[in-house]
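Chemist: Structure below; questions to follow.
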Ligand code: NAP
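If you want it as structure tokens, here you go:
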């Protein structure tokens, strides 16, 4: 079927047709007529967009005389009459109702049928909706597409975030015709191949943040663990051992301990899989063997891990900024001042503490600044404007610098507290000590990978060098 034949249109006036209003511009002879089956949400939005782009639209409906309000300029007819008048038909009907199309098969012979349908669940049916449609109407050319757009998007027109239309189908000409029409509507088209890809396209809209699941679970697990750990060590310990109720500290002090710990661990977990991959490559002496699935999955969600880590860092910053206005803090400062006045004593200025706290804040601010830079550069609009080398420099090199600053910030916070026996309440280490384990391990391993001889071997492996030649492998296999 040629594209020309697809664009042909009938100008017959059908007795069954109901014209909603004078066709106006739609009467221009050069305008292509497209048919939409179904006058529901998607059908209406699609029709409106097509009319705005300059197409003429005819609806095929079960109730041409009593269907709801339709876009101005559209016609509405019975299914059979509408199908006859256009060469491309959008099936904007749910799959469960497709059986009526079987009866219309003679009217749909040679036409391009665009299947826009989605399902409520994955694997609801054995065959994809588009394949089912092709089986019901074997003489037509089914193209799957537009199902990843919502009625709302179609009505409002494509935006940057919602520009792509995925297509698949067995007829190249039919796909070409749909692609041209989608391009005229302002979408960019991605050809996903033959109709066997339809199930994949139908599963797209059913995805629920697949890359976020693992990072969210991790963030939730870490937050819950550290919250209860610190609750026991701080609040319950105080209540049991000192008979003091400091439960009010749960809201700010405890939260402001949990957030930075979770943020630091999650940031280091963005870099740990890269290090494990490097160690695996060094051990195997090749980059041509697949990583285990869990490592692949972990690598694929690094961006989400990083963004969640940034979110926790933001919370830490906000909670830290409100410290001076807290009642508890203001009370402690004034109580200390009054006791100094009463005792007629002035505390000595401690230069070491001044250095330590200033360094702690300065390093924290630098770390947070770089953290934000990492987050910004991971936004598609920014990362698309960077070369691969620039992106790699920010995410990898500056990423490790960020991790170093944030880890150092935590070491400065701890300072010499780890030497004091009072830090080990009920023989447990402080939360920040636990939080330092993973980032310290990551930084040490990264330093080891940067040792010149190790770095050289890794670079060679990544350039395709193999310790064991593939032939040697074959010989070993044959011998065993
Ligand atoms: P809808 O609002 O329920 O409309 C479906 C239309 O199908 C009805 O208005 C009706 O039109 C027709 N219909 C209903 N029962 C029928 C039957 N027994 N036989 C023949 N036709 C029947 O649904 P929708 O939201 O427009 O969705 C339509 C299709 O687009 C679905 O497959 C959906 O998965 C897909 N989709 C929808 C969206 C969205 O945002 N809504 C997004 C992507 C994909 P008539 O009364 O005129 O015959």
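In my numbering, the protein residues as written are 454 to 933.
All C-beta atoms, glycine included, are put in the ideal place defined by N, C-alpha and C.
Is the Cβ-Cβ distance between residue 862 and residue 817 less than 9 Å?
Modeler: Against a cut-off of 9 Å, the Cβ pair of residue 817 and residue 862 comes out as a contact.
Chemist: Tell me residue 566's beta-bridge partners as DSSP assigns them.
Modeler: Beta-bridge pairing links residue 566 to 542, 595.
Chemist: Return helix, strand or coil for residue 754, following the three-state DSSP convention.
Modeler: DSSP places residue 754 in coil when its eight states are reduced to three.
Chemist: Between which residues of its own chain and residue 574 is the CB-CB distance below 8 Å, once the five residues before and five after are set aside?
Modeler: For residue 574, where only same-chain residues beyond five positions count, the Cβ hits under 8 Å are 659.
Chemist: Going straight from the alpha carbon of residue 469 to that of residue 534, what length do you get?
Modeler: Model confidence at residue 469 stands at a pLDDT of 49, short of 50, so the residue's coordinates are unreliable; what they give is reported in the following sentence. So the alpha carbons of these two residues sit roughly 7 Å apart.
Chemist: Spell out the partners DSSP gives residue 511 in its beta bridges.
Modeler: Bridge partners of residue 511: 488, 528.
Chemist: Would you check if there are 3 or more beta carbon pairs closer than 8 Å linking the stretch 617-626 to the stretch 636-651?
Modeler: The stretch 617-626, when compared against the stretch 636-651, does touch it at the 8 Å Cβ threshold.
Chemist: Rounded to a whole number of angstroms, what is the C-alpha to C-alpha distance between residue 936 and residue 524?
Modeler: Nothing about residue 936 can be read from this structure; the chain reaches only from 454 to 933.
Chemist: In whole angstroms, what separates the C-alpha of residue 920 from that of residue 737?
Modeler: If you take the alpha carbons of residue 920 and residue 737, they lie about 8 Å apart.
Chemist: Give the list of continuous alpha helix (DSSP H) stretches no shorter than 4 residues that lie fully inside the stretch 605-645.
Modeler: You should have 625-637.
Chemist: If you follow the alpha helix (DSSP H) that residue 582 is part of, which residue opens it and which one closes it?
Modeler: Run containing residue 582: 582-589, per the alpha helix (DSSP H) assignment.
Chemist: With distances taken from CA atoms, which of 839, 569, 855, 902 is nearest residue 716?
Modeler: Among 839, 569, 855, 902, the Cα nearest to that of residue 716 belongs to 855.
Chemist: Any heavy atom of ligand 1 within a distance shorter than 8 Å of the CB on residue 631?
Modeler: Checking every heavy atom of ligand 1 against the Cβ of residue 631, none is found closer than 8 Å.
Chemist: Looking only at its own chain, which residues have a Cβ that is under 7 Å from the Cβ of residue 858, when we skip the five neighbours before and after it?
Modeler: Correct list, in chain order: 816, 819, 820, 823.
Chemist: At a cut-off of 8 Å, is residue 815 close to ligand 1 when judged by its beta-carbon and the heavy atoms of the ligand?
Modeler: No; taking the cut-off as 8 Å, the Cβ of residue 815 has no heavy atom of ligand 1 nearer than that.
Chemist: What are the boundary residues of the alpha helix (DSSP H) that residue 908 is part of?
Modeler: 905-915 is the extent of the alpha helix (DSSP H) around residue 908.
Chemist: The alpha helix (DSSP H) spanning residue 809 covers which residue range?
Modeler: Segment 804-830, the alpha helix (DSSP H) holding residue 809.
Chemist: Is the beta carbon of residue 546 within less than 8 Å of some heavy atom of ligand 1?
Modeler: Yes; taking the cut-off as 8 Å, the Cβ of residue 546 has a heavy atom of ligand 1 nearer than that.
Chemist: Quick one: does the C-beta of residue 518 sit closer than 8 Å to a heavy atom of ligand 1?
Modeler: Incorrect: residue 518 has no Cβ contact closer than 8 Å to ligand 1.
Chemist: Please name the residue, chosen from 588, 760, 846, that lies closest to residue 825 on a Cα-to-Cα basis.
Modeler: The candidate whose alpha carbon is nearest that of residue 825 is 760.
Chemist: Run the proximity test for residue 515: is its beta-carbon closer than 8 Å to any non-hydrogen atom belonging to ligand 1?
Modeler: Yes - ligand 1 has a heavy atom lying nearer than 8 Å to the Cβ of residue 515.
Chemist: Counting pairs of Cβ atoms below 8 Å between the stretch 773-793 and the stretch 685-694, do you hit three or more?
Modeler: Result no; under three Cβ-Cβ pairs closer than 8 Å.
Chemist: Report yes if the C-beta distance between residue 557 and residue 532 is below 9 Å; otherwise report no.
Modeler: Yes, these two residues count as a Cβ contact at 9 Å.
Chemist: Let me confirm a value: residue 841 is counted as buried when at least 16 other C-beta atoms fall within 10 Å, else exposed. Which label applies?
Modeler: The residue in question, residue 841, is exposed, as its Cβ has fewer than 16 Cβ neighbours within 10 Å.
Chemist: What first and last residue would you give for the alpha helix (DSSP H) that runs through residue 729?
Modeler: Its alpha helix (DSSP H) spans residues 708-737.
Chemist: Quick check: what's the CA-CA separation for residue 838 versus residue 832?
Modeler: One C-alpha to the other measures close to 10 Å.
Chemist: Could you check whether the Cβ of residue 618 sits closer than 8 Å to any heavy atom belonging to ligand 1?
Modeler: Not under cutoff, so the answer is no.
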